[in-house]
Each structure stands twice: as C-alpha cells, then as structure tokens.
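I have placed the structure first, in the form of structure tokens, so that the comments after it can refer back to it.
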Amino acid sequence: MKFHEYQAKEIFKKYKLPIPKGYLFNNYFKIKKFISKINFDKPVIAKCQAHTGGRGKVGGIKIIKNYKDIKLFFKYWFNKKIKTSQNNNESQIIKNILIEEYINISKELYLSILIDNFTNCIFFMFSNQGGIEIEKIIKKYPYLLKKIKIDPLIGPQFYQIKKILFELKFNKKQIEQFNNIFFNLYKILIKFDLTLIEINPLVIDKNDNLICLDIKLILDKNSIFRQSLLKNIYDYSQNNDIILEKTFSSLNYILLKGNIGCMINGAGLAMSTMDLLKLYGGKPANFLDIGGRTNTNNIVKSFNIILSNKNVNVIFINIFGGIIRCDFIANSIIYVLKKIKINIPIVIRLSGNNSKIGINKLLKNKSKIITITNLKKAIKFTVFLSKNKRLI
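To convert a position in the sequence shown, counted from 1, into this note's numbering, add 5.
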C-alpha cells in the first residue's frame with residue numbers, strides 16, 4: 006500500500022527529519038486564499054500528489070516563479086488524471102498538490118530501507134547518485150548501489166554507518182545529520198510495518214545540509230488492521246476497485262501474462278496447478294489463492310479480479326475440499342453466475358469434502374460450466390479452450 010509524498014513527510018516531520026517547508030493545496034475554490042500565503046521572492050516547487058513515481062517526466066512536478074504560473078498549474082492538474090511510466094498505465098486522479106520551497110541542490114544522493122522478500126532481511130541501500138534517472142544509472146552501473154544488511158534483533162549499529170560515510174564523504178555537520186536520518190528510518194520502518202522507505206533524492210543543499218527532498222512509503226497490507234493512523238489517511242481514490250479488492254481482502258493475487266484465469270484454494274495447489282497448465286502448453290493469467298476459510302463475498306471478488314484482465318478467455322477453478330466444503334464453493338459460484346454476466350467458459354474441478362454434492366449442484370445449473378473431476382483431463386481441456394477461440 007502506497008502513500009502520498011506529503012503524508013510521508015508528515016511522518017518524517019514528527020521524527021524531526023529534514024524536509025523542505027511546504028503547503029498542501031486541496032481545494033480549488035480557495036485558490037486565491039492559498040496563493041496569498043506563498044512568497045514568490047524565490048521560486049517554489051509544485052508537486053502533484055499521486056501514488057506513483059515519474060511525475061516530473063510528465064509535467065507533474067514544476068518550478069513555479071509567479072502567481073500566473075501557479076494558477077495555470079492548478080488549473081491544468083487539479084482533479085485531472087496523471088499517467089506515468091511507473092503506474093502501469095493506470096491513471097490516478099490529482100486531488101492534492103504540494104507546494105514546497107525551492108532547494109538549491111549541490112548534490113543528489115539515494116537512500117532507502119526495505120524488507121527484501123528474497124532473503125527475508127532488512128537492508129539499507131544507498132548511492133552517491135540520485136534523482137529521477139537513478140533507475141537508469143543503477144541499471145547501467147549496478148556497483149554504484151551499495152547494500153547494508155540489518156539484523157532486526159539488534160537494529161542498525163554505528164559501525165554500519167561508517168561504510169556509508171566512507172562512500173558518501175560527508176563533512177562533520179552532515180555526519181550528525183545523517184546519523185539522525187539513518188536511525189530514524191529504521192524506527193519508522195518498524196513502527197509503521199513498512200516494507201519500503203525510499204528517499205530519492207536525499208540532497209545536499211548549498212549550505213551543506215542534508216534534506217529529504219522526495220519520499221516514498223509502502224505499507225505491508227497484512228498489517229493494516231493494527232496501523233489505524235495509516236489506514237485513516239490512505240487515499241482510496243488512487244486505486245481502482247479491483248486493486249482495492251485485492252488489498253482489503255484475504256485474497257492472494259498476482260497478475261501474470263497468460264490468458265487462463267486461475268482460482269484455487271491453497272498456495273501449494275495453486276503453484277502445482279499453474280505448473281501443470283504450463284506443462285500442457287497453457288499460460289496462466291494469474292496466481293489467485295482464495296484461502297482455506299473463504300466466503301461468498303471473496304468468491305465474488307475473485308471473479309471480479311480475474312475478469313478485470315481482458316486477456317482471460319477461460320477460467321479454471323481447482324478446489325480441494327478440506328476445511329472448506331466443495332458444496333459451499335459450488336453454491337458461491339452459482340450465486341456469482343446470477344450476479345455477474347460471464348461470457349467465457351469456466352472449467353471446474355472439485356475434489357474432497359462434499360465434492361459429489363458440489364458437482365451435482367453445478368450440473369443442475371444451466372451455464373457455461375464444465376465440471377471435470379480428473380485433474381489431468383481438466384488441465385488439458387482448459388488449455389484446449391484457451392487456444393481455440395472459435396469454441397469459446
């Protein structure tokens with residue numbers, strides 16, 4: 006779950022981390038009153054607030070020098086949608102614009118702390134390069150990005166900072182400022198159950214001060230139940246309904262590049278099912294684990310999520326009844342078919358607890374449902390349908 010830059014900076018402010026002075030604009034009818042607060046003796050920076058990076062490259066971040074420019078910026082962006090290279094072609098509406106003091110930058114750096122899912126470790130990452138081209142720079146020169154592993158049992162240590170300080174060549178004042186940033190980033194990550202805090206760029210201004218110019222926060226959605234502050238400030242307008250359903254339900258969904266929509270209970274069964282689909286020439290469109298204690302509402306959400314992918318031309322449902330009964334799944338599917346118009350075939354394989362009852366219920370329902378109890382045959386037939394559009 007992502008948060009706006011201004012929200013991240015409010016958290017940083019509470020921890021006394023260096024950020025630019027700024028004002029938040031969110032009401033077009035009060036534009037004159039808002040502009041009257043701004044001193045244009047020096048330029049200011051106007052920044053569209055959206056859950057995406059790459060805003061500067063599409064005009065969403067701009068240097069403003071006078072009242073006319075700021076009015077034009079507000080008029081152009083407020084309540085309009087922004088699309089960047091980093092938001093997967095999903096336009097996001099601009100309801101907040103952050104106005105900040107202009108910082109004279111002498112050097113741009115990169116700093117982040119994250120939980121690495123591959124190693125299950127906390128890492129600090131830093132580079133003496135930063136700014137909007139950081140991804141291209143690191144891709145071309147990967148050695149410029151340094152990593153420091155943090156032991157969560159003891160937290161970050163002073164000796165670990167020395168490696169960063171050696172690379173970044175800070176003076177005495179900057180060392181003190183960096184110590185404050187380094188240890189507080191870890192505190193924020195742990196306190197708010199974040200998976201990423203990224204400062205890009207962390208800048209050195211003309212007075213040799215470190216300033217967190219742009220900040221990105223990502224929250225582990227599984228901890229939302231205990232993060233009431235972040236839950237209350239989360240901007241739901243930034244995501245479409247499908248993304249919200251994935252975020253605030255027990256569903257485990259990952260989008261893939263195929264055309265066979267998958268709905269399965271259990272991560273292990275889901276992985277093996279996708280392996281079999283690939284083995285017989287099919288291409289899964291997603292990983293979707295509905296879990297062992299699902300409900301009808303989640304089944305409805307699962308169908309909505311799968312059908313939101315326009316590449317899907319057949320749905321394969323593979324359920325092993327254990328804790329969850331197959332007849333309950335059957336009833337839920339029948340309920341969905343009454344509520345949602347589905348124009349693609351659905352292949353269903355039920356096995357286990359009350360599977361015969363569930364299959365009988367589905368057979369009585371007149372729709373584009375194909376029930377096959379043999380897994381291998383079900384997989385082969387699903388792949389066959391996915392490749393033969395004339396039969397669909």
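Every residue, glycine too, gets a C-beta built ideally from N, C-alpha and C. All values derive from a computational prediction rather than experimental measurement.
What does DSSP give as the partner residues of residue i in its beta bridges?
| i | result |
| --- | --- |
| Pro289 | Ile265 |
| Ser356 | Phe325 |
| Ala51 | Lys67, Ile104 |
| Cys126 | Asp121 |
| Phe30 | Ile102 |
| Ile169 | Per DSSP, none; premise fails for Ile169. |
| Asp294 | Asn257, Ile269 |
| Gln232 | Gln232 is not bridged to any residue. |
| Asp210 | Ile110 |
| Ile155 | Ile127 |
| Thr278 | DSSP output for Thr278 lists no bridge partner at all. |
| Leu116 | Phe131, Ile204 |
| Leu312 | Its beta-bridge partners do not exist; DSSP assigns none. |
| Ile186 | Paired residue(s): none; Ile186 is not in a bridge. |
Helix, strand or coil: how does DSSP classify residue i here?
| i | result |
| --- | --- |
| Gln12 | helix |
| Asp240 | coil |
| Asn205 | strand |
| Ser90 | coil |
| Tyr146 | coil |
| Ile40 | helix |
| Lys306 | helix |
| Leu22 | coil |
| Gln134 | coil |
| Gln179 | helix |
| Leu224 | strand |
| Leu368 | helix |
| Ile174 | Just to set this straight, residue 174 is Lys in the shown sequence, not Ile. Here Lys174 sits in coil by DSSP. |
| Val341 | helix |
| Val317 | coil |
| Gly351 | Here residue 351 turns out to be Ile, not Gly, going by the sequence shown. Residue state, collapsed to three classes: strand. |
| Asn379 | coil |
| Leu218 | coil |
| Lys7 | strand |
| Asp246 | With a pLDDT of only 49 at Asp246, under 50, the local geometry of the prediction cannot be trusted, and no value is derived from it. |
Since residue i contacts residue j with CB under 8 Å, what's their CB separation in whole angstroms?
| i | j | result |
| --- | --- | --- |
| Phe325 | Val352 | Going by Cβ atoms, the distance from Phe325 to Val352 rounds to 16 Å, so no, they are not a contact pair. |
| Tyr115 | Phe131 | 6 Å |
| Asn291 | Gly266 | 6 Å |
| Asn84 | Ile98 | 7 Å |
| Gln91 | Gly59 | 4 Å |
| Gly136 | Glu113 | 4 Å |
| Asn227 | Leu173 | With 8 Å as the limit, Asn227 and Leu173 do not qualify as a contact, their Cβ atoms being about 34 Å apart. |
| Tyr191 | Ile118 | 6 Å |
| Tyr340 | Phe8 | In fact, because the Cβ distance is near 36 Å, the residues do not count as touching under 8 Å. |
| Phe188 | Pro161 | 6 Å |
| Asn359 | Asp332 | 4 Å |
| Ile209 | Ser111 | 5 Å |
| Asn323 | Arg354 | 5 Å |
Could you compute how far the alpha carbon of residue i sits from the alpha carbon of residue j?
| i | j | result |
| --- | --- | --- |
| Glu181 | Asn101 | 34 Å |
| Asp246 | Asn257 | Here Asp246 scores only 49 on pLDDT, less than 50, and its place in the model should not be relied on; the value that follows carries that caveat. So the alpha carbons of these two residues sit roughly 16 Å apart. |
| Lys19 | Asn44 | 25 Å |
| Lys288 | Lys262 | 7 Å |
| Phe129 | Ile50 | 28 Å |
| Lys152 | Lys86 | 36 Å |
| Asn348 | Lys373 | 8 Å |
| Ser337 | Met6 | 29 Å |
| Trp82 | Cys53 | 7 Å |
| Ile204 | Lys76 | 29 Å |
| Gly296 | Asn109 | 52 Å |
| Phe392 | Leu281 | Rather than Phe, the amino acid found at residue 392 in this sequence is Lys. The straight-line gap from Cα to Cα measures roughly 16 Å. |
| Ile377 | Pro157 | 49 Å |
| Asp121 | Ile229 | 19 Å |
| Phe17 | Asn31 | 21 Å |
| Ile155 | Leu22 | 21 Å |
| Lys225 | Leu199 | Correcting the residue type first, residue 225 is Asp in the shown sequence and not Lys. Going by the C-alpha atoms only, they are around 6 Å apart. |
| Leu201 | Lys369 | 50 Å |
| Met279 | Leu29 | 47 Å |
| Ile329 | Ile375 | 21 Å |
| Ile311 | Ala335 | 18 Å |
| Lys42 | Ile24 | 19 Å |
| Phe389 | Lys283 | 12 Å |
| Lys382 | Phe78 | 59 Å |
| Lys70 | Ile139 | 27 Å |
| Leu293 | Asn125 | 23 Å |
| Glu10 | Ala55 | 8 Å |
Got a sec: does the ligand NAP put a non-hydrogen atom nearer than 8 Å to the Cβ of residue i?
| i | result |
| --- | --- |
| Lys18 | The ligand content of the structure shown is nil, which means the ligand NAP is not present either. |
(message) Under 8 Å: do the region 211 to 222 and the region 172 to 181 share three or more Cβ pairs, one atom per stretch?
(response) yes
(request) Inspect the CB distances between the region 302 to 313 and the region 357 to 372 and report whether three or more fall short of 8 Å. (result) With a cut-off of 8 Å, the region 357 to 372 and the region 302 to 313 do not count as touching, because too few Cβ pairs lie within range.
(message) Would the region 148 to 166 count as touching the region 181 to 193 if we require 3 or more Cβ pairs under 8 Å?
(response) yes
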